[in-house]
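Colleague: Residue numbers (the working numbering): 6 to 62.
For glycine and all other residues, C-beta sits at the position ideal for the given N, C-alpha and C.
Quick one: this structure, given as structure tokens, is what I'll be asking you about.
This is the structure in structure tokens:
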């Protein structure tokens, strides 16, 4: 992969090709985090535990 001698369009395409998979992975991880967070909160509510104070003794 040579960078010297590349024009702006080639650099932009290369940047998109590198960043896009990382952005997709990050978005997937954030979505999984919020789905699991909601599931845990719903489960705690079902057990009668306040989710905001679940970690406190």
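Give the range of the alpha helix (DSSP H) segment to which residue 14 is assigned.
Modeller: As a working note, residue 14 is residue 9 in the chain shown. From DSSP, the alpha helix (DSSP H) with residue 14 extends over 13-51.
Colleague: Just the C-alpha distance for residue 17 and residue 36, rounded to the nearest angstrom, thanks.
Modeller: Counted from its first residue, the chain shown places residue 17 at position 12. Counted from its first residue, the chain shown places residue 36 at position 31. Straight-line Cα distance between these residues: approximately 27 Å.
Colleague: Hey, how far is the Cα of residue 48 from the Cα of residue 12?
Modeller: Within the chain shown, numbered from 1, the residue matching residue 48 stands at position 43. Within the chain shown, numbered from 1, the residue matching residue 12 stands at position 7. Between residue 48 and residue 12, the C-alpha separation is close to 54 Å.
Colleague: Can you tell me the Cα-Cα spacing of residue 22 and residue 28, whole angstroms?
Modeller: Reading the chain shown from its first residue, position 17 is the one you call residue 22. Reading the chain shown from its first residue, position 23 is the one you call residue 28. So the alpha carbons of these two residues sit roughly 11 Å apart.
Colleague: Would you tell me roughly how many angstroms separate the C-alpha atoms of residue 26 and residue 32, rounded to the nearest one?
Modeller: Against the chain shown, residue 26 aligns to sequence position 21. Against the chain shown, residue 32 aligns to sequence position 27. Taking the straight line from one Cα to the other gives about 10 Å.
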